[in-house]
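Peer 1:
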Amino acid sequence: MERYNIKARYVLDALMTEFLETYSSIFSISKFEKTLKLNDLPGSKRTIANYLQYLEDAFFIIVNEKFAFSPRKRIMNPKKIYLADNGFASLGRPFVENRGRVLENVVAIELFRRDMEMYYFKDKNECDFIIKDGTRVKCAFQVCWELTERNRKREISGLVEACKALGLRAGVIMTYDQEQQIKENGIRISILPVWKWLLLDNVPEISNGKYNP
Numbered sequence: 002m003e004r005y006n007i008k009a010r011y012v013l014d015a016l017m018t019e020f021l022e023t024y025s026s027i028f029s030i031s032k033f034e035k036t037l038k039l040n041d042l043p044g045s046k047r048t049i050a051n052y053l054q055y056l057e058d059a060f061f062i063i064v065n066e067k068f069a070f071s072p073r074k075r076i077m078n079p080k081k082i083y084l085a086d087n088g089f090a091s092l093g094r095p096f097v098e099n100r101g102r103v104l105e106n107v108v109a110i111e112l113f114r115r116d117m118e119m120y121y122f123k124d125k126n127e128c129d130f131i132i133k134d135g136t137r138v139k140c141a142f143q144v145c146w147e148l149t150e151r152n153r154k155r156e157i158s159g160l161v162e163a164c165k166a167l168g169l170r171a172g173v174i175m176t177y178d179q180e181q182q183i184k185e186n187g188i189r190i191s192i193l194p195v196w197k198w199l200l201l202d203n204v205p206e207i208s209n210g211k212y213n214p
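Residue numbers (the working numbering): 2 to 214.
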């Protein structure tokens, strides 16, 4: 508190509560500012942005930017927020209600630990992770607890759209324990258990349209 000269403690508390409840989700400073005003709590966009940076510096959260080739656009777009420690997730809603978001948070933490340049993709659909290596887009992948009839279209559509937009011939969907190879709209998709990837030293590497450990 003293290090950052926090004057609006209620804004910081509200931010932390928000992230504990909505981690692995897109966060908009403008929308959060409106929420504060609706609750008669003053808080400028600048203050919110500063406190967001403080929480990132303190390793409470991991901030993931929306993919764009322009640095300016990346800065201006809403961020996707992850908790820097999965233990924090237990302070929010029960695991059963959020197991998909918990799994996505696990992946985000591991990518951060491996010092990967990561983004999220969003246009008509959303793709959880885009991995870059220098100027090259290396991989696109989704994370969900289980691929079901209910979420199948959403998860696959987001991945396929990202792959086509970024010139990738293949992508990965990480799940809790499913494993399969499929093809959708010309894009080869490897469905892979997260635990298997965690045992590897690399991100999902795509070569010749197929996952290679």
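Note that the Cβ used here is the ideal one computed from N, Cα and C, for glycine as well.
For residue 38 and residue 50, I'd like the C-alpha separation in whole angstroms.
Peer 2: Taken atom to atom, the span from the alpha-carbon of residue 38 to that of residue 50 is near 16 Å.
Peer 1: Throw me the rounded Cβ distance for the residue 140 and residue 108 pair, which I believe falls under 8 Å.
Peer 2: So it is not a contact: roughly 12 Å between Cβ atoms.
Peer 1: Considering only residues of the same chain and omitting the five flanking positions on each side of residue 163, which have a CB-CB separation below 6 Å?
Peer 2: 122, 128, 141
Peer 1: Is residue 201 helix, strand or coil when you go by DSSP?
Peer 2: coil
Peer 1: Please report the Cβ distance between residue 67 and residue 120, rounded to the nearest whole angstrom; I am assuming they are in contact, meaning their Cβ atoms lie under 8 Å.
Peer 2: 6 Å
Peer 1: Whole angstroms is fine: what's the gap from residue 31's alpha carbon to residue 48's?
Peer 2: In this structure, the straight-line span from the alpha carbon of residue 31 to that of residue 48 is close to 12 Å.
Peer 1: Can you give me the C-alpha to C-alpha distance between residue 56 and residue 62, rounded to a whole angstrom?
Peer 2: 6 Å
Peer 1: Under 8 Å, do residue 192 and residue 161 count as touching if we go by C-beta distance?
Peer 2: no
Peer 1: By how many angstroms is the C-alpha of residue 196 removed from the C-alpha of residue 148?
Peer 2: Taking the straight line joining both Cα atoms gives about 16 Å.
Peer 1: Go ahead and label residue 44 buried or exposed: buried means 16 or more other beta carbons lie within 10 angstroms of its beta carbon, across all protein chains shown.
Peer 2: Buried, by the Cβ-count rule.
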